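Per the numbering used here, the very first residue in the sequence shown carries number 1369; after that it's consecutive.
All C-beta atoms in this analysis are idealised placements derived from N, C-alpha and C, irrespective of residue type, glycine included.
None of these values were measured; they are calculated from a predicted model.
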Amino acid sequence: MLSAAIFNTTFYVERQHADRFLSWLRLTYIPEALASGMITDAMLMRLSEPPDPSAEAYALHLRAENASAANDWINTIGHSLIGLLAEEIGRERLLHFTTPMEQIEI
1369 MLSAAIFNTT
1379 FYVERQHADR
1389 FLSWLRLTYI
1399 PEALASGMIT
1409 DAMLMRLSEP
1419 PDPSAEAYAL
1429 HLRAENASAA
1439 NDWINTIGHS
1449 LIGLLAEEIG
1459 RERLLHFTTP
1469 MEQIEI
(Lines of atoms letter the chains of each structure in order from A and count residues from 1; the text may use other names and numbers.)
(Lines give C-alpha, C1' and ligand atoms only; values in the text may rest on other atoms or scores of the structure.)
Protein backbone atom coordinates (compact mmCIF):
# COMPACT_ATOMS: atom_id res chain seq x y z
CA MET A 1 0.00 0.00 0.00
CA LEU A 2 1.28 3.50 -0.86
CA SER A 3 1.39 5.98 1.98
CA ALA A 4 2.59 9.13 0.25
CA ALA A 5 0.61 12.28 0.83
CA ILE A 6 0.34 14.78 -1.98
CA PHE A 7 -1.14 18.18 -1.80
CA ASN A 8 -1.98 20.21 -4.80
CA THR A 9 -1.97 23.98 -4.60
CA THR A 10 -3.68 25.59 -7.55
CA PHE A 11 -2.66 29.17 -8.23
CA TYR A 12 -4.40 31.74 -10.43
CA VAL A 13 -2.25 34.77 -11.17
CA GLU A 14 -2.90 37.72 -13.43
CA ARG A 15 -1.19 37.07 -16.75
CA GLN A 16 1.08 40.14 -16.55
CA HIS A 17 2.52 38.86 -13.24
CA ALA A 18 2.98 35.23 -14.29
CA ASP A 19 6.74 35.46 -15.01
CA ARG A 20 7.45 37.03 -11.62
CA PHE A 21 5.22 34.44 -9.95
CA LEU A 22 7.00 31.51 -11.64
CA SER A 23 10.41 32.92 -10.82
CA TRP A 24 9.51 33.28 -7.14
CA LEU A 25 8.02 29.80 -7.06
CA ARG A 26 11.12 28.27 -8.67
CA LEU A 27 13.72 30.24 -6.73
CA THR A 28 12.08 30.45 -3.30
CA TYR A 29 8.95 28.40 -2.68
CA ILE A 30 9.95 25.04 -4.15
CA PRO A 31 13.57 25.09 -2.85
CA GLU A 32 12.29 25.99 0.65
CA ALA A 33 9.77 23.14 0.47
CA LEU A 34 12.41 20.60 -0.52
CA ALA A 35 14.93 21.90 2.02
CA SER A 36 12.40 21.59 4.86
CA GLY A 37 12.81 17.83 5.07
CA MET A 38 9.00 17.49 5.12
CA ILE A 39 8.59 17.51 1.33
CA THR A 40 10.21 14.83 -0.79
CA ASP A 41 9.25 15.86 -4.32
CA ALA A 42 7.69 18.71 -6.28
CA MET A 43 5.98 18.88 -9.66
CA LEU A 44 4.77 22.10 -11.30
CA MET A 45 2.23 22.21 -14.12
CA ARG A 46 0.50 24.94 -16.08
CA LEU A 47 -3.17 24.47 -16.76
CA SER A 48 -3.52 24.53 -20.53
CA GLU A 49 -7.02 26.01 -20.40
CA PRO A 50 -7.35 28.39 -17.44
CA PRO A 51 -10.94 29.32 -16.60
CA ASP A 52 -10.17 33.05 -16.75
CA PRO A 53 -8.58 34.34 -19.98
CA SER A 54 -6.87 37.19 -18.10
CA ALA A 55 -5.02 34.82 -15.78
CA GLU A 56 -2.57 31.98 -15.87
CA ALA A 57 -3.25 28.90 -13.76
CA TYR A 58 -0.68 26.56 -12.26
CA ALA A 59 -0.85 23.42 -10.15
CA LEU A 60 1.96 22.62 -7.77
CA HIS A 61 2.05 19.09 -6.38
CA LEU A 62 4.20 18.60 -3.30
CA ARG A 63 4.75 15.09 -2.00
CA ALA A 64 5.41 14.14 1.61
CA GLU A 65 6.07 10.74 3.11
CA ASN A 66 2.79 10.81 5.02
CA ALA A 67 -0.20 12.98 5.87
CA SER A 68 1.36 14.16 9.13
CA ALA A 69 4.42 15.57 7.35
CA ALA A 70 2.20 17.19 4.70
CA ASN A 71 0.01 18.82 7.35
CA ASP A 72 3.07 20.02 9.26
CA TRP A 73 4.38 21.64 6.07
CA ILE A 74 1.05 23.26 5.19
CA ASN A 75 0.50 24.65 8.70
CA THR A 76 4.00 26.04 9.18
CA ILE A 77 6.44 26.77 6.37
CA GLY A 78 3.89 26.45 3.58
CA HIS A 79 1.52 28.93 5.21
CA SER A 80 4.35 31.43 5.76
CA LEU A 81 5.60 31.11 2.18
CA ILE A 82 2.12 31.60 0.73
CA GLY A 83 1.92 34.82 2.74
CA LEU A 84 5.28 35.98 1.37
CA LEU A 85 4.17 35.07 -2.15
CA ALA A 86 0.98 37.09 -1.75
CA GLU A 87 3.05 40.07 -0.59
CA GLU A 88 5.46 39.64 -3.51
CA ILE A 89 2.78 39.39 -6.20
CA GLY A 90 0.02 41.34 -4.48
CA ARG A 91 -2.87 39.68 -2.65
CA GLU A 92 -5.38 41.02 -5.16
CA ARG A 93 -3.44 39.48 -8.08
CA LEU A 94 -3.21 35.95 -6.73
CA LEU A 95 -5.78 33.33 -5.86
CA HIS A 96 -4.80 29.94 -4.49
CA PHE A 97 -6.30 26.91 -2.82
CA THR A 98 -4.75 23.73 -1.49
CA THR A 99 -6.20 20.24 -1.76
CA PRO A 100 -4.67 17.43 0.30
CA MET A 101 -4.62 14.05 -1.43
CA GLU A 102 -3.44 10.54 -0.67
CA GLN A 103 -1.84 8.41 -3.35
CA ILE A 104 -3.51 5.01 -3.68
CA GLU A 105 -2.72 1.87 -5.64
CA ILE A 106 -4.16 1.60 -9.16
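Test item: CB-CB of residue i and residue j under 7 Å
{"i": "Glu-1417", "j": "Arg-1383", "result": "no"}
{"i": "Tyr-1426", "j": "Phe-1379", "result": "yes"}
{"i": "Met-1445", "j": "Leu-1430", "result": "Residue identity differs from the one stated: residue 1445 is Ile in this sequence, not Met. It is not a contact, given that the beta carbons lie outside the stated cut-off."}
{"i": "Leu-1412", "j": "Leu-1428", "result": "yes"}
Identity of the residues DSSP links to residue i by a beta bridge
{"i": "Leu-1463", "result": "Tyr-1380"}
{"i": "Met-1411", "result": "His-1429"}
{"i": "Pro-1468", "result": "Phe-1375"}
Distance between beta carbons of residue j and residue i, contact taken as under 8 Å
{"i": "Ile-1474", "j": "Arg-1388", "result": "Not quite, the Cβ-Cβ distance comes to about 37 Å (not below 8 Å), so this is no contact."}
{"i": "Leu-1453", "j": "Leu-1462", "result": "7 Å"}
Backbone secondary structure at residue i - three-state DSSP
{"i": "Ile-1442", "result": "helix"}
{"i": "Glu-1424", "result": "strand"}
{"i": "Ile-1474", "result": "coil"}
* Asked: Between the segment 1425-1438 and the segment 1373-1393, do three or more beta carbon pairs fall short of 8 Å?
  -> Between the segment 1425-1438 and the segment 1373-1393 there are three or more inter-stretch CB-CB distances shorter than 8 Å, so the stretches are counted as touching.
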